[in-house]
Each structure stands twice: as structure tokens, then as C-alpha cells.
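Going by my numbering, the first residue of the sequence shown is number 2, and it counts up by one from there.
Idealized CB from N, CA, C, for every residue including glycine.
Here the structure is a predicted model, which is why all the values come from computation and not from measurement.
These notes concern the structure reproduced below.
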Amino acid sequence: AREEALRTATEAEAQSDTMVGAARKEAQRITSEATVEGNTLVERARTDADELLVGARRDATQIRERAEELRARLESEIEELHERARRETSEQMKTAGERVDNLMKAATEQRDEAEAKAKELLAEA
Numbered sequence: 002a003r004e005e006a007l008r009t010a011t012e013a014e015a016q017s018d019t020m021v022g023a024a025r026k027e028a029q030r031i032t033s034e035a036t037v038e039g040n041t042l043v044e045r046a047r048t049d050a051d052e053l054l055v056g057a058r059r060d061a062t063q064i065r066e067r068a069e070e071l072r073a074r075l076e077s078e079i080e081e082l083h084e085r086a087r088r089e090t091s092e093q094m095k096t097a098g099e100r101v102d103n104l105m106k107a108a109t110e111q112r113d114e115a116e117a118k119a120k121e122l123l124a125e126a
């Protein structure tokens, strides 16, 4: 019975470790995805801004004043896109953290239940 209890406890710990490892991998994956998506949004905003600025400079002689207005507007839009990307990344990271917390909680509860069961088996033995 002790061997069975020890084996059960060992299996539960191994399963708990596996779940924790999976939770960590999932958190890393989600964080990586969020970072990539955030960087993509920022890069897309930069690319859009660069394209618009290049187009404005081609006709700079005729539209110099208009180009300055567009530049100011673009800077505002870029900042808004950066802020949006930061917010989305932050929210995704928060969600990832909540997922990890939930997985960790579940793993801890499962480990606690396994330990209680192992103690119960040892007590009965």
C-alpha cells in the first residue's frame, strides 16, 4: 500500500510537473505571439507612415504646406497605432498571465488532491 501510495504521489507530482511545464510553454507561446503581433502592428504603422511620407516628398515643391499637415496627422496616427499595439499586447500578455495562473492553480489543486489521496492511502495502510 505504501508503494502504491508513493507511486501515486510520484505520478501525481510528475503529472503536476508536466502541467506546470505545459503552462509555462503555453505562456511563452502566447507571450511570443503577442509580441510578434504587437511588433507587426508597429512595423505596419511605420511602413504605412514611410510610404505616405515618400509620396508627399515627391511633390514637395507644390505641396510643402500640405505635407507638413499630413506629417503631423501621420505622427498622431502612428502614436495611436503604437498605443493600440501596446494596449493589445498588454491585454494579450494579461490574458496569457491569467491562463498561466489558472493552469498553475489547477495543477496545484491536482497536486494537493494527489497528496491528500496519498496520505489517505498511507493512513489506511
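Select from the options the residue whose C-alpha is nearest the C-alpha of residue i.
i: Glu12; options: Arg25, Ser91, Ala108; result: Ala108
i: Glu76; options: Leu54, Glu66, Glu92; result: Leu54
i: Glu38; options: Arg74, Ser91, Leu122, Leu123; result: Ser91
Considering only their Cβ atoms, is the gap separating residue j from residue i smaller than 9 Å?
i: Met94; j: Thr48; result: no
i: Ala115; j: Ala2; result: no
i: Ala6; j: Ala86; result: no
i: Leu82; j: Met20; result: no
i: Ala68; j: Ala57; result: yes
i: Ala35; j: Glu89; result: yes
i: Ala28; j: Ile79; result: no
By the three-class DSSP mapping on this structure, what secondary structure does residue i have?
i: Ala15; result: helix
i: Ala126; result: coil
i: Ala117; result: helix
i: Ala1; result: With the chain represented from 2 up to 126, any question about residue 1 goes unanswered, as that position is not in the structure.
Check whether chain D comes within 9 Å of residue i, counting only Cβ atoms and requiring the distance to be less than that.
i: Arg74; result: In the structure shown, chain D does not exist; there is a single protein chain.
In chain order, each beta strand (DSSP E) run of at least 3 residues that lies wholly inside the region 34–108: Whole beta strand (DSSP E) segments, 3+ residues: zero.
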